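First comes the structure, then the notes that go with it.
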Amino acid sequence: MWGHSMGGGITTKILTLESPVKAAVLYAPNSADDSDLISRWGYGCIGDIYAGELLQTCNSADVIPESLEAQVIAAYVESATSPEMMRGIAPIYHLESVSVPIQIHIGSADGDYIGSTPPEWSYKLNQALMDAGKDVELFVYENERHSFVGDAWLLFMNRAVEFFDAHLK
293 MWGHSMGGGI TTKILTLESP VKAAVLYAPN SADDSDLISR WGYGCIGDIY
343 AGELLQTCNS ADVIPESLEA QVIAAYVESA TSPEMMRGIA PIYHLESVSV
393 PIQIHIGSAD GDYIGSTPPE WSYKLNQALM DAGKDVELFV YENERHSFVG
443 DAWLLFMNRA VEFFDAHLK
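Using the working numbering, read the sequence shown as starting at 293 and increasing by one per residue.
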């Protein structure tokens with residue numbers, strides 16, 4: 293399985309569940325600690341989706357429609373602000389369930405704008421996986437941002453193909 297950004301975050305969540313995944317490549321992944329995501333981006337905006345798209349502080353994908361029942365909105369906000377709930381759903385607290393090799397690729401200049409993922413998130417996941425005794429490799433691409441270009445992209449793709457060939461053939 294291969295995931296970039298939020299797709300990397302989703303891939304990480306899937307790896308802590310029973311799944312048919314045999315190997316995973318995480319490319320500039322979201323944090324495996326949901327509290328990091330909320331610290332960076334908030335728990336979402338309540339209101340009109342179109343209006344949310346116009347706000348720099350609100351990702352339209354995170355807009356909770358104000359037309360929802362009040363108790364649904366309250367339950368969402370309560371869970372998103374609960375440290376216990378965050379620990380319950382964040383993959384970083386469930387890495388003992390990971391059973392496949394993982395490659396992590398991150399640019400050293402990622403995280404320089406609000407929609408990107410700070411390299412510290414990848415370092416944190418890599419360390420937690422190593423501490424849990426998991427098979428993990430981390431590659432840092434100097435001066436690359438959230439999406440690699442040129443030689444860095446080619447190197448990343450070659451490493452990913454070699455990794456999948458080694459673990460899936």
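Note that CB positions come from ideal geometry on N, CA and C, so glycine has one too. Bear in mind the structure is a predicted one, so any value in this text is a computation, not a measurement.
Which residues DSSP lists as bridging residue i, in chain order
{"i": "HIS296", "result": "TYR319"}
{"i": "GLY339", "result": "PRO357"}
Option nearest residue i by Cα separation, candidates the options
{"i": "GLU434", "options": "GLY425, ASN418, ALA444, VAL428", "result": "ALA444"}
{"i": "GLY407", "options": "ARG332, CYS337, ILE396", "result": "ARG332"}
{"i": "VAL432", "options": "ILE398, VAL355, ASN450", "result": "ILE398"}
{"i": "GLU247", "options": "VAL313, LEU460, SER327, ILE356", "result": "Residue 247 is absent from the structure shown; the chain starts at 293 and stops at 461."}
{"i": "GLY403", "options": "THR304, THR303, VAL390, SER323", "result": "SER323"}
{"i": "HIS438", "options": "TYR415, LYS461, HIS459, THR409", "result": "THR409"}
{"i": "ASP423", "options": "GLU388, GLN363, SER374", "result": "GLU388"}
{"i": "VAL390", "options": "PRO357, GLY299, ILE306, SER374", "result": "ILE306"}
{"i": "GLU358", "options": "LYS461, SER371, PHE448, CYS337", "result": "CYS337"}
{"i": "GLY425", "options": "GLU454, GLU436, VAL392, TYR405", "result": "VAL392"}
C-alpha gap between residue i and residue j, whole angstroms
{"i": "TYR335", "j": "MET378", "result": "11 Å"}
{"i": "GLU429", "j": "ILE394", "result": "6 Å"}
{"i": "TYR385", "j": "ASP325", "result": "8 Å"}
{"i": "ALA401", "j": "TYR319", "result": "14 Å"}
{"i": "PHE456", "j": "ALA420", "result": "22 Å"}
{"i": "ALA316", "j": "ALA452", "result": "9 Å"}
{"i": "VAL313", "j": "ASN450", "result": "20 Å"}
{"i": "THR303", "j": "MET293", "result": "7 Å"}
{"i": "MET360", "j": "LEU417", "result": "Strictly speaking, residue 360 in this sequence is Leu, with Met absent from that position. Their Cα atoms are separated by approximately 35 Å."}
{"i": "GLN363", "j": "ILE356", "result": "13 Å"}
{"i": "GLU310", "j": "TYR368", "result": "26 Å"}
CB of residue i within 8 Å of CB of residue j, strictly
{"i": "PRO321", "j": "GLY339", "result": "no"}
{"i": "PRO411", "j": "THR308", "result": "no"}
{"i": "ALA372", "j": "ILE330", "result": "yes"}
{"i": "SER374", "j": "ILE396", "result": "no"}
Interface flag, residue i vs chain C, CB-CB below 8 Å
{"i": "PHE456", "result": "Absence of chain C from the displayed structure is noted, only one protein chain being present."}
Going along the chain, which unbroken runs of the alpha helix (DSSP H) with 4 or more residues stay wholly within the stretch 382-444? 411-423, all fully within the stretch 382-444.
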